[in-house]
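Asker: As given, the protein sequences belong to chains A, B and C, one line each in that order. Take 2 as the starting number for the first sequence in the numbering used here and just add one per residue. Take 3 as the starting number for the second sequence in the numbering used here and just add one per residue. Take 352 as the starting number for the third sequence in the numbering used here and just add one per residue.
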Amino acid sequence: MRPVFFIPLALFLFFAGLAAYMLANGRFETVPSGMVDKPLPEFSLPPAVDGLPGASQANFIGGEPKLLNIWASWCLPCIAEAPQLERLKEEGVEIIGIAIRDRPEDVADFLSRYGNPYTRIGADDISELQIEIGAAGVPETFVIDGEGKIRYQHIGDIRADDVPEILEILEDVK
Amino acid sequence: MIRAFLIFLFAAIAMPSAAQDTLPPAPYAYKQLDDPDLEAKASDLMDTLRCLKCQSQSINDSDAPMAGDMRHQVRSRILAGEEPDAIRAWLIERYGNYVSYQPEVSASTWPLFAIPALLVLIAALILLRRLGKRRQEERA
Amino acid sequence: MIAELGLAALWLATALAFLQIAAGVLGLRGDAHSARFAVYARPAAVVQAFLAVLSFFLLLYAFAVTDLSIKLVATNSHSMKPFIYKLTGTWGNHEGSMLLWVGVLALSGGLLAGMEKRLPEKTMSATLAVQGFVALGFYAFLLLSSNPFERLPVPAAEGTGLNPLLQDIGLAVHPPTLYVGYVGLSVAFSLAMGALITRQVNPDFAKVMRPWVLFAWVFLTLGITAGSYWAYYELGWGGWWFWDPVENASLMPWLAATALLHSVSVLAARDALRTWTIMLGVLAFSMSMLGTFLVRSGVLTSVHAFAVDPERGTFILVLLALYIGGSLAIFAVRAGSIAEGKRFTFTSREGALVFNNVMLSAILAIVLLGTLYPLLTEAFDVRVSVGPPYFNPAGAIFAIPMFIVMAIGPLLRWKDDKPKRIQFELCLLAAIAIAVVSLVAILGDYAILPLLGLALAIALGVAAFLPLRGRKLSRVPTAVWGMVMAHFGVAVALFGMASESAFTQERLAAVSPGSTEQLGDWTLTLEGVEPIAGPNWTAIEARVLAARGNEDPIVLTPQARDFWAPAQATSESALITRWDGQLYAVIGEQTEDGRWQLRVWWKPFVTFIWYGGLLISLGGVLSIVGRVRLDLKRRSAVRKGNQRREDQAKITGKVQVEPAE
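Structure representation (structure tokens):
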């Protein structure tokens, strides 16, 4: 028996252990943004729908922490998320929406169906801010503190049990 | 009833998981830069950036709207005179090493570079042991 | 009834696999009592082959008649689908492809048991036991977690259809070919384990193993070639290899099999490289199983991923641990006891083969590392991507020396040779390589790897024929022709890859009907765009007139298809093939102002990649033919000799002592 002949076995066992771990724990499939804890990038987007103003970086500076919600009327999970945003609005949270690749009439239609939790909606027709802020998909929600710094990223739709956590973070970053 | 349910189930499986938008693509999503040198630069870069919404495709190979928007970013930044490496770094800052198919030495990727170096050593060692030794023995 | 018959055949085959293992293990004991039972191993394997293949054909029949009471058919087929795709749909899904895999596995086990008479009986028993054990695992996998014959409580009214990307003739060829390759390696694996267990690692064993390795390798080569071409024209972005995990999963067994092929030849001819051959035999099959695991468990992100299911992944992982872990453990314990075999110097053909074996293994290690690395970092919640910019240069570190040695190796003599003897050839090849590099460097500014690739390809193309120099061509053995052909195929493929990567031109434009675009020396005119309908899709089809120089234009009809069962959009490319390259056109969306997105590539010599692949496989086939013919000749000579001796004995009336061979 020579130790060198045990090397393939050792390598294999390492792989098998890793694969078993991955199968047991599921894959890590999100792409987190590297912009968390960095200042919100400079941007200025035109209104996405009649009756609501557009959004810019300046809207986040000063005052209470706000939510920046990346969404779209064509996105199915966004429908599931709408009631939670409504609840957050009722708790007094200001939510600024960024509509990704959307048409004004579709946005208006979505808001009339599922409610309007937003104070402003910027139209991001070429995913400019989405890329700038490091959001890989729709919907995603960012917590921005009063100094315009990104403090937290929520990937995917906000479920009912995520709401308390988000409220807590909003409180923490005040 | 079961049958109706199954048909519905199959239909649901077949349905695409996320709806698509209907907006036209960004200006530079499907338009090449006029300067062939700049376009070549952009194209080489786009071949090595990952489409974040796809299963293992570069943004140059994908028809996903977001890939188109990323191509627009790359082309317009190249046109504005930015270097490909700077654009790659800009994207990595946002999406991590995942966005780039060209791993760079970092805390999470160093083994990708250390192991090939080790392999060169191991290969040299094996060859010396198997081949070098014999030669000496035969000479002796 | 059909489904129940198929299922029953599978269960029976499983029972026979048990018998095969028991008989094989008893055969290992070697006493007279056990030997009586051991003779059942071979028939068990043969009948099992029949049952497993029968089971597959029954499923094929169910797909042919679209039996919607079977869940698998209902979820993967559709009554309106063209007949040929109904058939290919049989293996276009997890369960069906696993049944195909099992059918081929049992068939090769049956062939091995029925035809191979050269090995010592003990080694054969051990081999059959291992083969039965491998088969048993896959039967269990099918029956317990992926039963292809499961019935629906109520038959479905209509099927869901097959992924439109898979509704292509490429799919009819590509996966089954790869499976034959993967599964052929299982025989090499069983033989290697049999020889290791009974300590019979010698040239005789290598001669038995070689045709199986060659056979598997030919099919792997064909499968990868077909798969690459399929992805090239079907996925619609003109890429033929993206180092995607699934692509790598098929490349890794090929790399291991290529190394094994050369090492088993050394063992057969020179009785050297014993442990190395066994290690590669285990490695090659490990890579096939690993590929299956990666493709089906969904632990890696791939553009070709299908039938992903973590539960099945767990099952395959258990099988992996049993077979690969088990065999590597036996290897670790036993390998030390195998004598090293004959010796040779660095400048000998064995030396060159060892060098390239190490290089191939290193490339395999790079591919394995790059493929699995994202899995490793994900365990720490970090995601990374490893793609062409990593694989190409990292692989080239080892591929470049390998190609150089590959050009020279076949010119060297066995055991020991002097470099001086082949100095003319060495100078010639170096001159060619340098000439190509300087010529291309003058022509334009190209990246270093394609440049080196071109030079090596041309030098290698010449070198491939040098072993024939000074030999009478009619007397050259068929197997040598096989080697020449395969090595030339590598040169051709390498030339295609380097040329595609260096010289490809691309034009992407929004064009209105009637307007003209220029790409290289091609002129492209969009004549019009029309909607058309197929059996299970609708599409818009562009009519593009493509003319090269002053030639008459040729009509290209790229389509953007929308399938409705299941709903999915695909892009059908249109190609013009010339001897020196391919024009590749895709039609995209309509822009707001009514123009159409047209994407066209001119890819010089891209077809050489697949011609090369075909040449390599053809070389393998020639090699098999040559070996088998030689073997048959030898056998008939031995038979004739025996006959003569018998006759003589009859005439002289006394038994003569047979001379030792």
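For glycine and all other residues, C-beta sits at the position ideal for the given N, C-alpha and C.
CA-CA distance, P328 of chain C and D796 of chain C?
Answerer: As shown, chain C starts at 352 and ends at 1012. That puts residue 328 of chain C outside it, with no answer to give.
Asker: Taking just the CA atoms, how far does A680 of chain C sit from Y490 of chain C?
Answerer: For the purposes of this step, residue 490 of chain C is identified with residue 139 of the third sequence, where counting begins at 1. For the purposes of this step, residue 680 of chain C is identified with residue 329 of the third sequence, where counting begins at 1. The alpha-carbon atoms of Y490 of chain C and A680 of chain C are separated by roughly 24 Å.
Asker: Report whether the distance from the Cβ of I156 of chain A to the nearest heavy atom of the ligand GDP is below 7 Å.
Answerer: The ligand GDP is absent from the structure shown, which contains no ligand whatsoever.
Asker: For the segment 576-593 of chain C and the segment 538-546 of chain C, state whether three or more C-beta atom pairs, one from each stretch, are separated by less than 8 Å.
Answerer: The answer is no - the segment 538-546 of chain C does not touch the segment 576-593 of chain C, with fewer than three Cβ pairs under 8 Å.
Asker: Should I520 of chain C be labelled buried (16 or more other beta-carbon atoms within 10 Å of its own) or exposed?
Answerer: Position 169 of the third sequence, counted from the start, is the residue given in the question as residue 520 of chain C. I520 of chain C comes out exposed.
Asker: Name the chain D residues that come within less than 7 Å of A21 of chain A, Cβ to Cβ?
Answerer: Checking the listed chains, one finds no chain D in this structure; the protein chains it contains are A, B and C.
Asker: Cutting at 7 Å between CB atoms, please list the residues of its own chain near A897 of chain C, excluding the five before and the five after it.
Answerer: Looking up residue 897 of chain C in the third sequence gives position 546. Only W873, L875, P904, I905, L907, I927, L934 meet the Cβ criterion.
Asker: Which of the three DSSP states is assigned to W594 of chain C in this structure?
Answerer: By 1-based counting over the third sequence, the position of residue 594 of chain C is 243. Reduced to three states, the DSSP call for W594 of chain C is coil.
Asker: Closest to S639 of chain C by C-alpha separation, out of C:F570, C:N887, C:R621, would be which residue?
Answerer: By one-based count along the third sequence, residue 639 of chain C stands at place 288. For the residues C:F570, C:N887, C:R621, the minimum Cα distance to S639 of chain C belongs to C:F570.
Asker: Does any CB atom of chain C fall closer than 8 Å to the CB of P78 of chain A?
Answerer: Along the first sequence, read from residue 1 onward, the residue named residue 78 of chain A stands at position 77. Not an interface residue.
Asker: If you drop the 5 nearest sequence neighbours on each side, which residues of the same chain put their C-beta closer than 6 Å to that of R88 of chain A?
Answerer: Residue mapping note: residue 88 of chain A aligns to position 87 of the first sequence, counting from 1. The answer, listed in chain order, is V164.
Asker: How about T867 of chain C and P515 of chain C: are their beta carbons less than 8 Å apart?
Answerer: Sequence index remark: in the third sequence, residue 867 of chain C carries index 516 (1-based). Sequence index remark: in the third sequence, residue 515 of chain C carries index 164 (1-based). No, Cβ-Cβ distance for T867 of chain C and P515 of chain C is not below 8 Å.
Asker: For I117 of chain B, decide whether its Cβ has a neighbour in chain C, counting only Cβ atoms nearer than 8 Å.
Answerer: The residue you call residue 117 of chain B lines up with position 115 of the second sequence. Yes - at least one Cβ of chain C is within 8 Å of the one on I117 of chain B.
Asker: Counting only beta-carbon separations shorter than 8 Å, does S712 of chain C have a partner in chain A?
Answerer: Counted from its first residue, the third sequence places residue 712 of chain C at position 361. It does not: the Cβ of S712 of chain C has no partner Cβ on chain A nearer than 8 Å.
Asker: Where does the unbroken beta strand (DSSP E) through I905 of chain C begin, and where does it stop?
Answerer: The count along the third sequence starts at 1 and reaches residue 905 of chain C at position 554. Segment 905-907, the beta strand (DSSP E) holding I905 of chain C.
Asker: Quick check: T528 of chain C and A577 of chain C, are their CB atoms within less than 8 Å of each other?
Answerer: As a position in the third sequence, residue 528 of chain C is number 177, starting the count at 1. As a position in the third sequence, residue 577 of chain C is number 226, starting the count at 1. In this structure, A577 of chain C lies closer than 8 Å to T528 of chain C by Cβ.
Asker: Does the beta carbon of F10 of chain B come closer than 8 Å to any beta carbon on chain C?
Answerer: Start at 1 with the first residue of the second sequence, and residue 10 of chain B comes out as number 8. Legend: pLDDT at F10 of chain B = 33, less than 50; position of this residue unreliable, value from coordinates given subsequently. Not an interface residue.
Asker: Scan the segment 25-41 of chain A for residues whose Cβ lies nearer than 8 Å to a Cβ of chain B and list them as they occur along the chain.
Answerer: Listed in sequence order: V32, P33, S34, G35, M36.
Asker: Can you list, in chain order, the residues of its chain whose CB lies under 6 Å from that of E892 of chain C, leaving out five sequence neighbours each side?
Answerer: If you number the third sequence from 1, residue 892 of chain C lands on position 541. Cβ within range, chain order: E881, I883, T908, Q910.
Asker: Please go through the same chain and pick out, in chain order, the residues whose beta-carbon is closer than 6 Å to the beta-carbon of A523 of chain C, but skip the five residues on each side of it.
Answerer: Working through the third sequence from its first residue, we reach residue 523 of chain C at position 172. Result list for A523 of chain C: T439, in chain order.
Asker: Which first and last residues belong to the alpha helix (DSSP H) in which K90 of chain A is found?
Answerer: The count along the first sequence starts at 1 and reaches residue 90 of chain A at position 89. Residues 77-91.
Asker: Would F682 of chain C count as contacting chain A if we go by Cβ distances under 8 Å?
Answerer: For the purposes of this step, residue 682 of chain C is identified with residue 331 of the third sequence, where counting begins at 1. Chain A contact via Cβ: present.
Asker: Strictly under 8 Å for the Cβ-Cβ distance: is G135 of chain A near chain B by that measure?
Answerer: On the first sequence, position 134 is the one that residue 135 of chain A refers to. Yes, its Cβ sits closer than 8 Å to a Cβ of chain B.
Asker: My output table needs one value for G83 of chain B: the three-state DSSP class, helix, strand or coil.
Answerer: Translated into positions along the second sequence, residue 83 of chain B becomes position 81. Looking at G83 of chain B - three-state DSSP - the assignment turns out to be coil, as it is neither helix nor strand.
Asker: Say whether chain B places a C-beta atom closer than 8 Å to the C-beta of A73 of chain A.
Answerer: As a position in the first sequence, residue 73 of chain A is number 72, starting the count at 1. Closer than 8 Å: yes.
Asker: When you compare only the Cα positions, how much space is there between T628 of chain C and L780 of chain C?
Answerer: As a position in the third sequence, residue 628 of chain C is number 277, starting the count at 1. As a position in the third sequence, residue 780 of chain C is number 429, starting the count at 1. Going from the Cα of T628 of chain C to the Cα of L780 of chain C covers about 31 Å.
Asker: With a threshold of 8 Å, are at least 3 pairs of Cβ atoms found where one atom belongs to the segment 385-399 of chain C and the other to the segment 355-371 of chain C?
Answerer: Touching, yes.
Asker: Would you say G939 of chain C reaches chain B, if we count a Cβ-Cβ gap shorter than 8 Å as a contact?
Answerer: Here residue 939 of chain C refers to the residue found at position 588 when the third sequence is read from its first residue. So yes, G939 of chain C belongs to the interface.
Asker: Is L54 of chain B close to chain A, meaning its C-beta is less than 8 Å from at least one C-beta of that chain?
Answerer: The count along the second sequence starts at 1 and reaches residue 54 of chain B at position 52. Chain A contact via Cβ: present.
Asker: With a Cβ-Cβ cutoff of 8 Å, do D103 of chain A and S57 of chain A count as a contact?
Answerer: As a working note, residue 103 of chain A is residue 102 in the first sequence. As a working note, residue 57 of chain A is residue 56 in the first sequence. Against a cut-off of 8 Å, the Cβ pair of S57 of chain A and D103 of chain A comes out as no contact.
Asker: For F695 of chain C, is the classification buried or exposed, using 16 other Cβ atoms within 10 angstroms of its Cβ as the cut-off for buried?
Answerer: If you number the third sequence from 1, residue 695 of chain C lands on position 344. Buried, because 16 or more other Cβ atoms sit within 10 Å of the Cβ of F695 of chain C.
Asker: In angstroms, rounded to a whole number, what distance separates the CA positions of V633 of chain C and N553 of chain C?
Answerer: The residue given as residue 633 of chain C occupies position 282 in the third sequence. The residue given as residue 553 of chain C occupies position 202 in the third sequence. When rounded, the distance between both Cα atoms is 16 Å.
Asker: Would you call the CB atoms of R96 of chain B and L47 of chain B closer than 8 Å?
Answerer: Here the question's residue 96 of chain B lines up with position 94 in the second sequence. Here the question's residue 47 of chain B lines up with position 45 in the second sequence. The answer is no: Cβ separation not under 8 Å.
Asker: Please identify the residue among C:V831, C:T889, C:M836, C:A383 whose C-alpha is closest to the C-alpha of S616 of chain C.
Answerer: As a first step, residue 616 of chain C is located in the third sequence; it is residue number 265 there, counting from the start. Selected option, being the one with the closest Cα: C:V831.
Asker: If we define contact as Cβ-Cβ less than 8 Å, is E1009 of chain C a contact residue for chain B?
Answerer: Numbered from 1 along the third sequence, position 658 holds the residue referred to as residue 1009 of chain C. Confidence is the limiting factor: at E1009 of chain C the pLDDT is only 47, short of 50, which leaves the residue's position unreliable and the question unanswerable from this model.
Asker: If we ignore side chains and look at the alpha-carbon of each, how far apart do W112 of chain B and V650 of chain C end up?
Answerer: Numbered from 1 along the second sequence, position 110 holds the residue referred to as residue 112 of chain B. Numbered from 1 along the third sequence, position 299 holds the residue referred to as residue 650 of chain C. Going from the Cα of W112 of chain B to the Cα of V650 of chain C covers about 22 Å.
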